[in-house]
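Notes for the one structure printed next.
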Amino acid sequence: MKLKEIYKKSNNRPVISYEVFPPKEDIDGQKTEVLFSELLLLKKYSPSLISVTYGAGGSNQNESIDIINRIQHELNVTPMPHFTCVSTSEENIKLYLESIEKLGVENILALRGDIPEDGNICNDFKCFKR
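Under my numbering, the letters of the sequence shown match residues 256 to 385, in that order.
Here is the structure:
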C-alpha cells in the first residue's frame, strides 16, 4: 500500500511504523529468525509499515531484500525499504530497485547517507557530495 493511501486510511489517527535493520550477528544460525520473532510480538500494535534499512553502502542488501519479502508476505505489513546512496554506484542502485520492484514494493526511502569513514564516495551522483 502506498504511503498516501496509508495516511488517508488512518483517518487522522497516528500511523505506527517500525524501522528494522538486518542483524549483524548470527545467533545460533537464526540471524533473521530472532528479528521476526520480535516483529511478530510487535505486530499486535498494528503497524502500518515497517521500514528496512539497507546497511552502510548496501552492506546488507541481500538480507534487506529477504527481510522486505518476509515482512510483506509473512507479516502482511507494508514494507518500506530504504537505502543510502552516497557510496553506492548508479548500477547497484538500479539493481537494488529492480529487486524490490519484483517484490511489488511501492514505497522507498532514499537517503544520501553519511560519508563513509574512509571518505570513499561514489561519484555517479554529484548532488550527493554536498
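Note that the Cβ used here is the ideal one computed from N, Cα and C, for glycine as well.
{"Asked": "Compute the Euclidean distance between the alpha carbons of E329 and D369, then round it to the nearest angstrom.", "Found": "32 Å"}
{"Asked": "DSSP puts L364 in a beta bridge; with which residues?", "Found": "H337"}
{"Asked": "Let's test the definition: count the other Cβ atoms within 10 Å of the Cβ of I271 and tell me whether it reaches 16, buried, or not, exposed.", "Found": "exposed"}
{"Asked": "Do the segment 298-307 and the segment 321-336 meet, that is, are 3 or more Cβ pairs less than 8 Å apart?", "Found": "yes"}
{"Asked": "Looking at the structure shown, is E318 part of a helix, part of a strand, or coil, going by DSSP?", "Found": "helix"}
{"Asked": "Determine the burial state of P269: buried for a count of at least 16 other Cβ atoms within 10 Å of its Cβ, exposed for fewer.", "Found": "exposed"}
{"Asked": "Which of helix, strand or coil does DSSP assign to V270?", "Found": "coil"}
{"Asked": "Could you check the C-alpha separation between C340 and S319 for me, to the nearest Å?", "Found": "15 Å"}
{"Asked": "In whole angstroms, what separates the C-alpha of L290 from that of L364?", "Found": "21 Å"}
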